[in-house]
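Below you'll find the structure, written out as structure tokens, and then a few comments.
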Amino acid sequence: MKRKVLLCLAMSSLLTLGGLVSCGEETSSSLSTTSNQPTTSVPTEFTGTLKSGPDLNGEKGIAIRYTREDKNYANKGLWIWENNGGEGKEYEYTDVDDFGAVCFLPFSTWSENVEKNGLGVITKTLGTWDGQSKDMIVNFANFTQDDKGYYNVFIKDGDNNLFDNPNLKYIDGFTNVRFVNATRIITETTNDFTSLRLLENGVEIGTKSGFKSNYQAFDLTSAVDPTAKYEVEVTFAESNETMKTMVSKRGLFSTTEFDEAYYYNGELGALYTKEKTTFKVWSPLSTRIILRIYNSGTPKSVDSLNGDDSYNEYEMVKGEKGVFEYELSGDLEGKYYTFVVTNDVYENQEVVDPYAKSTGVNGLRGMVVDFSKTNPEGWENVSMHSYNRTELAVYETHIADVSSSSSWGGTASKAKKYSGMYEKGTTFTSGDTTVKTGFDHIKELGVNAVQILPFFDQANDEVNASFNWGYNPLNYNSLDGVYSSNPYDGYEKIKEFKELVKAYNEEGINIIMDVVYNHVNGATKSNFDVLMPEYYFRYSIDGTLSNGSGCGNETRSEVSMMRKFIKDSTEFWAKEYKLGGFRFDLMGLHDIQTMNEVTANLKEKIDENIFVHGEPWAGGTTPLLSSNAANQSNLSKFVGYGAFNDHLRDSLIKGGLSDKKDKGWATNPTEVSEADYAKLTSGILGRTSSYSSDPLKSTAYVTCHDNYTLYDRIVATGYEGSDESIAEMATLANSVVFTSQGTSFMLAGEEMLRTKDGDNNSYKSSYKVNELDYSRLITFEKVYENYKKLIKLKTTFDGLQYKTSEDIKNNVTLAETAKGIIDYTVKGSNKTYRIIHAASGLSDTTIDLSNYNLVFATKDNGALSSSYKLTRNTTLVLEAK
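What follows is the structure, encoded as structure tokens:
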């Protein structure tokens, strides 16, 4: 995943930060009442002049003013997002005045609700995340407008606070009011206060006075009522003003006492039988939940003509562990349902059940499903193929990409749909040449696993479809209807997706699901937040949502019921849809215990060889302790799952956060780096630099949906060679991937030298930009043939499938060579191959190959001999005579 960045006032072109994320709306805590916690003293009176902003022509705007002691504003910028809506973008400062640098932005930069929603702000170095501040939330109610209509917001470097004045003096407000454990409440404020009152449901239960401080702790003498509304009221010393705010309960949720009282290990959701359906939802903080049953999954707001908003209501009963339950007799299959929730934060807020296993159009109502009605003929014969993870050649694609191009040649109504991804018999013809496309093409390519970008229910318009990668989760356990032939019918998408799984399974191909449990599209009013305010998300110390995903929120995997949800959800998907594995987006935002338990549960319940891997990094700063995170530095703690080996990728092509001009071992025609050579040989042996030597934990790759395609990456470096030479470099890079130990992985379309016309962040670009153009199979026939051979080698030669570093040590021998050549011998059970890769920066050299037979070569360099001329951008696979 990644996100887009734009410059201030749209004055410059797109600047992309590789490795960041694309997401849905960005949100703040529904409980957040103030901005930031003070860390510095008030400076002397400001006497300078502030630069005025451009005329807004009656509009409102914001002036973000930034000062630093060294007055050096070169390469400094801002990351800004609309709180509770919109994507983050990078902005440059436009002016400098006596205070510092300033960026003027009109409110039209964001949505019409920006003044109500507020903004999130980070100060940083342009083009990177170096020197980034913490997230700072602009609540416009705390700021005043100048005579031109700008809200002036002042920031001091290193302070992580927002001020309404150039003197950087704090306005009265709360910075941290929360339970820190089951008995203690702390109150911190921007300025000193002299008295404190604690209220429970509006009734005073304690007071404190006779002090002057910006911090006080209050210890309760009675047990906490998790359904009660706790508030703190203080009187400020200087202004004598009183102010009241809610007490956050998030400190309760990780306590032993809370888990003992409320952890629920049973089934949740709509538990269906033909005789009755039992509805269960976990919500200890709520005082009332009403079950609504709809005949239709389509609200009138989506379809005024055919929608139906009529419903029946039932008062759910709160039982042990905070579980609300209601049992309805009769066969309810095909009915739709929601929960209407009341607690100390939300009142009568309607949400979809987090455990809903299907939904109506746009995911606005859950569905009661009889899954026995969804199985295609022969479904009982389908099960995941139990491949060892080191056998896998994984092909990553998006549902729509497979069939969105006119070159696909399939049924028009199935284009961009689940059904288009498994339609058989599609071809493309140019002149006298015909090639297979779509499903038949993937089959012919020879991969044994297809990893599909998110197909769970997303926050999108399923009726008026537009392209999106899908990293904007709405309902985790339901399929997205945008790929269905009928998004209004919660059954149809299930049937079509099962047909997809069956079709690929019959060809020996497992389906791997891309899952995004690390954040939701928008936290505020999400089903998680409504049912359990502050429980499912991580927060910064000031009460704002932590943003380690780069999408405005991050889920809290370490609390027991979120951990249970991820385990339950992955088990459901794997079992019901017979999936072969999961790819975890931003896995570094999940704690290791959760990932270990999720994987162990899948291995126990589904198959010992079910495949689990993920991105071992986060998308920003997170409160999760690094030592507990499923990130790259903790690979030794991973049990049963692996991660993307970006060290191998970066040695080959300099992907990710590298500058686009940087070149790697496979893409630099003039030189070969010693450091890249070392990382490369390490990756070939299934190692992830110094972090792990276990091949079971390494996913070798050079490209994925993030960043450039391989063709576009080479062009972006400034290379001006022919497409033929670019094809050779690209083939070399993936030749290394498919002849490495561990799992091998590729982006769909690399086998036809896919291009997105230089778009390196196509998460919501057009279908045209993202399509697979099958005409390139003809243009780059040699590339395609090479990929087929490489994939066959990986999936059939057991010498490339070793499971332990000890086996690799005993069976793989690296020869002493110049750094422009990688030469290694691999012993299998029946064959021994010598594999040679010649770098892009290699000068032509001569080697003795007279005692070998050629298995295949990516370039035709003539017959093997004692004076074989090895040329750059070549891979040879040889067998001893």
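Residue numbers (my numbering): 533 to 1413. Yeah, the Cβ is synthetic: ideal placement off N, Cα and C, and Gly gets one too.
| Check | Outcome |
| --- | --- |
| Would you be able to state if there are at least three C-beta pairs under 8 Å between the region 899-909 and the region 845-856? | no |
| Straight-line CA distance for R535 to D724? | Caution applies to R535, whose pLDDT of 37 falls short of 50 and renders its modelled position unreliable; the model cannot decide the point. |
| So, are the CB atoms of E1283 and Y1233 less than 7 Å apart? | no |
| Spell out the partners DSSP gives A1370 in its beta bridges. | I1353, T1406 |
| With three or more beta-carbon pairs closer than 8 Å as the criterion, would you say the region 1325-1339 touches the region 992-1001? | no |
| Any idea if S815 is buried or exposed, counting beta-carbon neighbours within 10 angstroms, 16 or more meaning buried? | buried |
| Which same chain residues end up closer than 6 Å to R1366 when comparing Cβ atoms and leaving out the 5 residues on each side of it in sequence? | T1357, L1410 |
| Bridge partners for K1401 per DSSP, in chain order? | T1378 |
| Within this structure, are the beta carbons of T1199 and I1258 separated by less than 7 Å? | no |
| If you check the beta carbons only, do M1278 and G1112 fall under 7 Å apart? | no |
| Leaving aside the five residues before and after L658 along the sequence, list all residues of the same chain whose C-beta is less than 8 Å from its C-beta, in chain order. | L547, N607, K608, G609, E622, E624 |
| May I ask which residues mark the beginning and end of the alpha helix (DSSP H) holding K621? | Taken as a continuous stretch (DSSP letters only), K621 belongs to no alpha helix (DSSP H), being part of the beta strand (DSSP E) at 621-624. |
| Give the secondary structure of E557 by DSSP, where H, G and I count as helix, E and B as strand, and everything else as coil. | Unreliable positioning characterises E557 in this predicted model, as indicated by a pLDDT of 36, which lies under 50. A coordinate reading is not provided. |
| With DSSP collapsed to three states, give me the class of R600. | coil |
| CB-CB under 7 Å to S584, same chain, minus the five flanking residues each way: which ones, in chain order? | K680 |
| Ignore the nearest five residues each way along the sequence and tell me which others in E1028's own chain have a CB closer than 7 Å to its CB. | Y950, S951, S1016, S1017 |
| Take M1127 as the anchor and find which of G1146, D1139, Y1109 has the nearest alpha-carbon. | G1146 |
| Taking only the alpha-carbon atoms, compute the straight-line gap between P1065 and S786 and give it to the nearest angstrom. | 14 Å |
| Could you tell me the distance, in whole angstroms, from the CA atom of F1329 to the CA atom of D1074? | 55 Å |
| Contact between the region 1140-1159 and the region 1098-1117 is defined here as three or more beta-carbon pairs at a separation below 8 Å; is this criterion met? | yes |
| Taking just the CA atoms, how far does G1152 sit from Y843? | 43 Å |
| Taking 7 Å as the cut-off, decide whether the C-beta atoms of A769 and K744 are in contact. | yes |
| Using a threshold of 7 Å, state whether the C-beta atoms of L700 and V873 are closer than that. | no |
| Mind the definition here: the region 1343-1356 touches the region 1374-1384 only if three or more C-beta pairs lie below 8 Å; say whether that holds. | yes |
| My output table needs one value for E799: the three-state DSSP class, helix, strand or coil. | coil |
| Please confirm if the region 916-933 is in contact with the region 1262-1277, defined as three or more CB-CB distances below 8 Å between the two stretches. | yes |
| Can you give the Cα-Cα distance for A1412 and L1322, rounded to whole angstroms? | 19 Å |
| Give me the residue from N1037, K812, L1332, I1043 with the minimum Cα distance to D885. | K812 |
| Look at the Cβ atom of W940, then the Cβ atom of T961, and state whether they are nearer than 7 Å. | no |
| A981 and A925 look like a contact to me (Cβ under 8 Å); what is the Cβ gap, rounded to whole Å? | 7 Å |
| Whole alpha helix (DSSP H) runs in the region 718-796 with 4 or more residues, listed along the chain? | 788-794 |
| Here's the rule: buried if 16 or more other CB atoms are within 10 angstroms of the residue's CB, otherwise exposed. What is L817? | buried |
| What are the boundary residues of the alpha helix (DSSP H) that Y1209 is part of? | 1206-1216 |
| Could you check what DSSP says for A1412 in three-state terms: helix, strand or coil? | strand |
| Mapping DSSP to helix, strand and coil, what is N1009? | strand |
| Using 8 Å as the Cβ pair cut-off and three pairs as the minimum, do the region 1129-1138 and the region 1167-1176 touch? | yes |
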